[in-house]
Structures are given as C-alpha cells and as structure tokens.
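Trainee:
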Amino acid sequence: MANRELTRGERLQIMLSPEELAAVDDFRFQQRMPSRAAAVRELFRLGLSAVGLKPAEPGVKSASFGVFEIGPAGHHRSAEEDTPPKPRRA
168 MANRELTRGE RLQIMLSPEE LAAVDDFRFQ QRMPSRAAAV RELFRLGLSA VGLKPAEPGV
228 KSASFGVFEI GPAGHHRSAE EDTPPKPRRA
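Quick note on my numbering: the sequence shown kicks off at 168 and runs consecutively.
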C-alpha cells in the first residue's frame, strides 16, 4: 500500500454537504484514520468493492473501463473504437 501512496499524482476536489462531511469525519474517527483524504480513499475502495469493481491490473488501458456496459442511446463500443485513428495527412 505504501508504494501506491507514493505514486498518487491526481487531485480530486469534491463538494460535500455538511451531513456528508460529518459522515466522512465520523467514519474517519471510528476507524482511527490519519486524515479525511485517507477516509475518503477507503470509502471509495469499500464502495467500489461493494459493487464488484476491483482496481485495474498494471498495463490495462482506460478504454477497457466504463460505468455502463451499454452507452447512451444503446451504443456498444466496437472493435474499431479500440483501434487508434490513423494520422491524417496535410
């Protein structure tokens, strides 16, 4: 886990209601977590695992992930969408 913490480079800013913030703080103190950020990361991990999502294996492309299996208006990603577009000539 320590190695994963060293590679964090993205910042995510979210707005919470007073009730949501109180729930995060309650969770943090009950679990004796060092910071709100640590508590939010753990809550994300717990929430994602609760719906069956696991962290990606190294080398997996972001295009392999999606929240929905079928996109807007019933769109399915095709094999050609996995292939990068060819460069255009000027």
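The beta-carbon is built from N, C-alpha and C at its ideal position, and this holds for glycine as well. Here the structure is a predicted model, which means the values were calculated and not measured.
1) Relative to the alpha-carbon of GLN180, which residue among GLN197, ARG203 and GLU186 has its alpha-carbon at the smallest distance?
2) For VAL218, report the span of its alpha helix (DSSP H) as first-last.
3) In this structure, does DSSP put GLU209 in helix, strand or coil?
4) List the whole-angstrom C-beta distance separating LEU210 from PHE194, where the pair is believed to meet the contact cut-off of C-beta under 8 Å.
5) In the structure shown, what three-state DSSP assignment does VAL227 receive?
6) Under three-state DSSP, which class holds LEU188?
7) With a Cβ-Cβ cutoff of 7 Å, do VAL191 and ALA205 count as a contact?
8) Three-state secondary structure (DSSP) at ARG199?
Mentor: Per the coordinate set shown:
1) Nearest option by C-alpha distance: ARG203.
2) From DSSP, VAL218 is part of no alpha helix (DSSP H); its letter is neither H nor E.
3) helix
4) Indeed, because the Cβ distance is near 6 Å, the residues count as touching under 8 Å.
5) coil
6) helix
7) No, these two residues do not count as a Cβ contact at 7 Å.
8) coil
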